[in-house]
Amino acid sequence: MSLAPLHNNDHRLNLYPNGATRTPVKKISTQNGNNNNNTNNNLKSIETPISRANQEEKENYYSNLQPNKNNKRTEEHLYDPNQQQQNINIQIQSQNQNQNQQQQQQQQQQQQMRPATKKKKEKLSSLCKTPPSLIKTRGRDYRRGQFLGEGGFARCFQIKDESGKIFAAKTVAKISIKTEKTRRKLLSEIQIHKSMKHQNIVQFVDCFEDHINVYILLGMCPNGSLMELLKKRKILTEPEVRFFTVQICGAIKYMHSRRVIHRDLKLGNIFFDENYNLKIGDFGLAAVLANDRERKYTVCGTPNYIAPEVLLGKHSGHSYEVDIWSIGVMIFALLIGKPPFQAKDVNTIYSRIKNSEYTFPINKSISQEAKTLIQDILINDPIARPSINEIMEYVWFRGTFPSMTSNTVFTEIPEYDQFLTPNESLNNFRNCMIQSGLILPDNKGNNGTILSTNNISSAVDNEITNDSTTNKILQLIENDLEKYNQHTILPYSLSPGGTKNKYKEVIDIEAQRKLNDLAREARLRRAQQANAKKHLIASSTNRINCEISLRILASECHLTLSGILEAEAQKKMGGLPPSRLPKIKHPIVVTKWVDYSNKHGFSYQLSTEDIGVLFNNGSTILRLADAEEFWYINYDKNEGWVASHYLLNEKPNELIRHLEVVDFFTKYMKSNLSRVSTFIREDYHKDDVFLRRYTRYKDFVMFELSDGTFQFNFKDHHKFAISDGGKLVTYISPTHESLTYPLIEILKLGEIPDYSSCKFLEKLSLIKESLKIKSSIVSINDDTGMK
1 MSLAPLHNND HRLNLYPNGA TRTPVKKIST QNGNNNNNTN NNLKSIETPI
51 SRANQEEKEN YYSNLQPNKN NKRTEEHLYD PNQQQQNINI QIQSQNQNQN
101 QQQQQQQQQQ QQMRPATKKK KEKLSSLCKT PPSLIKTRGR DYRRGQFLGE
151 GGFARCFQIK DESGKIFAAK TVAKISIKTE KTRRKLLSEI QIHKSMKHQN
201 IVQFVDCFED HINVYILLGM CPNGSLMELL KKRKILTEPE VRFFTVQICG
251 AIKYMHSRRV IHRDLKLGNI FFDENYNLKI GDFGLAAVLA NDRERKYTVC
301 GTPNYIAPEV LLGKHSGHSY EVDIWSIGVM IFALLIGKPP FQAKDVNTIY
351 SRIKNSEYTF PINKSISQEA KTLIQDILIN DPIARPSINE IMEYVWFRGT
401 FPSMTSNTVF TEIPEYDQFL TPNESLNNFR NCMIQSGLIL PDNKGNNGTI
451 LSTNNISSAV DNEITNDSTT NKILQLIEND LEKYNQHTIL PYSLSPGGTK
501 NKYKEVIDIE AQRKLNDLAR EARLRRAQQA NAKKHLIASS TNRINCEISL
551 RILASECHLT LSGILEAEAQ KKMGGLPPSR LPKIKHPIVV TKWVDYSNKH
601 GFSYQLSTED IGVLFNNGST ILRLADAEEF WYINYDKNEG WVASHYLLNE
651 KPNELIRHLE VVDFFTKYMK SNLSRVSTFI REDYHKDDVF LRRYTRYKDF
701 VMFELSDGTF QFNFKDHHKF AISDGGKLVT YISPTHESLT YPLIEILKLG
751 EIPDYSSCKF LEKLSLIKES LKIKSSIVSI NDDTGMK
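Okay, so the sequence shown: first residue is 1 according to UniProt numbering, each after it adds one.
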């Protein structure tokens, strides 16, 4: 099970704990820098090549027509000298007629010599007829109000329902939906927008159709858009733009957590609600990714905001980073007054974007901190751009920060500096991040920095996870397309008919009473179990695409759960004699962690000081603290995991980028996070240990280590590690005291000695329930509720 020594400091990696049901595992030792073929197929989430495509052809807006030589006058004035005296009157009349003809021909010739302008393409929105003043659908009536505006595909009207509530109705003419591609695009927009539930995203209300239009009902944003604000004010102040940027980033982070790319983020698509908070709208170009490694290849967007990878060809594709690029463009535009790559024609704009040609005008006042952020975002390499979480860490956001947007924002330039202290600005920044879902309200950042979890509203809190949400959106779109009715645009699932008389139920009152009694008894029996389960909806985890790995993990969860249940049974029988109590051994535990799974992966530091990163592609690098060595670990479809051991100075080229990420996390955790345990590497810690799976629940985080230890970090900063097959419990207090006890002794006492406030027995029910759920996940198809 161990490697031959590379030198005096021999390292072995513990891939499985003793006693777990498993198959043998391969360990590959490498002492040189030769490429390892096992790594080649697992680097796509780290490196994304960009290829350059041919320059787009320039559009011709005018066609210069040359005068037609055949249009010259060829008819001569003829006369007969012998009859000249006799035909004077006829000659004069003919002469006048010829002069008139000559004038007409000259006018025609002048018109032909003018350049012919290209006929302007008709907007699809122009095909949309004004809805009737009374719109009737599904038994509900809406009164059409004023016209709000139009885009390239639809027109927007204000409508009011019977209760007086006002909505915005995005109206699409059926005559413009001529192809299956157009219809698919509309259904995709509806289903994606319908799945978005965030405070900084325009609310999707409903959709329906009549014989001429399709209507998408949206929440009203009555105070205009950021584009209208910029046109009114010309430029904005940096405090305002900081506030706007945080709200925009909150919405983008939410979309990306559901694998949705907007692809058309611009000032005109970001609106002010009634309280002057920003909301992102228009999901007409949005796309859903099946997984984080998928790329999109459609060239789309608004010229000034398009990212270079969209323009540089269809071979490399694009992903979430295109929305990050748009953030940089918008910050620049709001502070300078125009987009950075603005030009008179589209091809010049595209050329500037591809070559990153932009400058900060010397006559505009903009801080160096703002310039740094913009420059770091507007980098042509999408992988080099900062993530949403990294953007929030820029010094620029530590400047003056308002608590809200004033309702006079369109007419007055706000003056914040004279009213806000640095502490007040910092509190406003934090509150804005909380309200936008960028951080959780109780996040202290002292040991586990929550970087990728959204502050999800209560309605969304109960949604399962990324994969299930994403797959649900994709499946709904496919189902809707399959259920296409030639006479309608919207499928039944989006536009159901009335059900008033569809069903009639005849209920036996006595039978109903008996059913109610039985249901009440069942609810009482399930109350305790449900109380535990309601906390066990995973918000994120590393998805494991290997059946044998899942089976091994399930087996170890079952083994530890069995140990806990056995201890509970022994407690009822009076406990164990001292001679049979397990020997106290402090486990290796996670002392620091950073969830950066929206870009790279999950990083952690162990009590041995080893640093690990569990990358999004499933691989792990474990950097050893006491030697210039590291492990590269990956899934193996036949054996669960396979590990390779390297010297740092002989690392394969394929892993250089991975190690750079590890170094980044090492520096971050050293500078920003405190160590939560006093444990160190003990003599009995013979093997190196790595994190195989983590799961983020509402109230705690669960770590599954390769030596069979399960660690549970609760939101109240009490931490528990269950080791030795469920026989030992290690408690780590909020003040970092670390103690290990036999579980049966804690059960006999009813609490952890001197630490009754940690409420261990109460939390043990959650621990058991989570182990029970995990022990039932033995295949990829069972892995529901996971990221």
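Beta carbons: idealized from backbone N, C-alpha and C, even for Gly.
Exposed is the label assigned to Gly164, since fewer than 16 other Cβ atoms lie within 10 Å of its Cβ. Rounded to whole angstroms, the Cβ separation of Ile261 and Tyr320 is 6 Å, and the two are in contact under 8 Å. Apart from the 5 residues on each side of it in sequence, Leu148 sits with its Cβ closer than 7 Å to the Cβ of Cys156, Phe157, Gln158 and Ala168 in its chain, given in chain order.
Nearest neighbour of Ser756 by Cα position, chosen from Ile773, Tyr731, Ile777 and Ile767, turns out to be Tyr731. Counted as a single uninterrupted DSSP element, the stretch harbouring Thr179 is not any beta strand (DSSP E), since DSSP gives it neither H nor E. Per the DSSP secondary-structure output, Gln158 pairs in a beta bridge with Ala168. Restricting attention to Val589, Ser765 and Asn672, the CA atom closest to the CA of Ser723 is found in Val589. At a Cβ-Cβ threshold of 8 Å, Trp631 and Ser549 do not count as neighbours. Three or more Cβ pairs closer than 8 Å define a contact, and the segment 240 to 249 meets that threshold against the segment 429 to 438. Taking the Cα of Lys763 as reference, the smallest distance to any Cα among Ser775, Pro753, Thr735 and Asp699 is reached at Asp699.
Take Phe204, set aside five residues on each side of it, and the residues of its chain with a beta-carbon closer than 7 Å to its own are His193, Lys194, Met196 and Leu218, in chain order. Secondary-structure assignment with DSSP links Val701 through a beta bridge to Arg696 and Asn713. Judged by DSSP in its simplified three-state form, Asp206 adopts strand. Approximately 11 Å separates the beta-carbon atoms of Tyr416 and Thr405; this is outside 8 Å, ruling out the contact. Around the C-beta of Lys667, fewer than 16 other C-beta atoms lie within 10 Å, and the residue is accordingly described as exposed. Taking Ile331 as the centre and dropping the five residues before and after it, the same chain places the C-beta of Val241, Thr245, Ala370, Leu373, Ile374 and Ile377 closer than 8 Å to its C-beta, in chain order.
Here Val260 is bridged, per DSSP, to Val288. Exposure of Met573 is indicated by the presence of fewer than 16 other C-beta atoms within 10 angstroms of its C-beta. Here the alpha carbons of Lys774 and Phe760 stand approximately 20 Å from one another. Taking a 10 Å sphere around the C-beta of Arg580, we find fewer than 16 other C-beta atoms and assign the residue as exposed. Under DSSP, Ala173 forms a beta bridge with Asn213. Secondary structure remark: continuous alpha helix (DSSP H) runs of at least 4 residues inside the segment 297 to 351, in chain order: 308 to 311 and 321 to 336. Looking at the DSSP output, Pro222 sits in no beta bridge, so it has no partner there.
Taking Phe397 as the centre and dropping the five residues before and after it, the same chain places the C-beta of Arg242 and Phe429 closer than 7 Å to its C-beta, in chain order.
With a beta-carbon spacing of about 18 Å, Asn617 and Ser257 fall beyond the 8 Å limit used to define contacts. Annotation for His645: the continuous beta strand (DSSP E) segment containing it runs Gly640 to Leu647.
By the C-beta criterion, the segment 303 to 314 is judged to be in contact with the segment 337 to 354, since at least 3 inter-stretch pairs fall below 8 Å. Looking at the DSSP output, Thr740 bridges to Thr730.
For Leu766, the uninterrupted alpha helix (DSSP H) run begins and ends at Phe760 to Ser775, by DSSP. With a 10 Å radius around the Cβ and a threshold of 16 neighbouring Cβ atoms, Ile744 comes out buried.
With fewer than 16 other CB atoms across the displayed protein chains lying within 10 angstroms of its CB, Asp345 is exposed. In the three-state reduction of the DSSP assignment, Asp636 falls in the strand class, which pools E and B. Bridge pairing for Tyr142: Ile135 [DSSP]. Note that the C-beta distance between Val172 and Asn223 is not below 8 Å. Judged by DSSP secondary structure, Leu624 falls outside any beta strand (DSSP E); it is assigned neither H nor E. In the pairwise beta carbon analysis, the segment 224 to 237 is classified as not touching the segment 171 to 190: fewer than three pairs are separated by under 8 Å.
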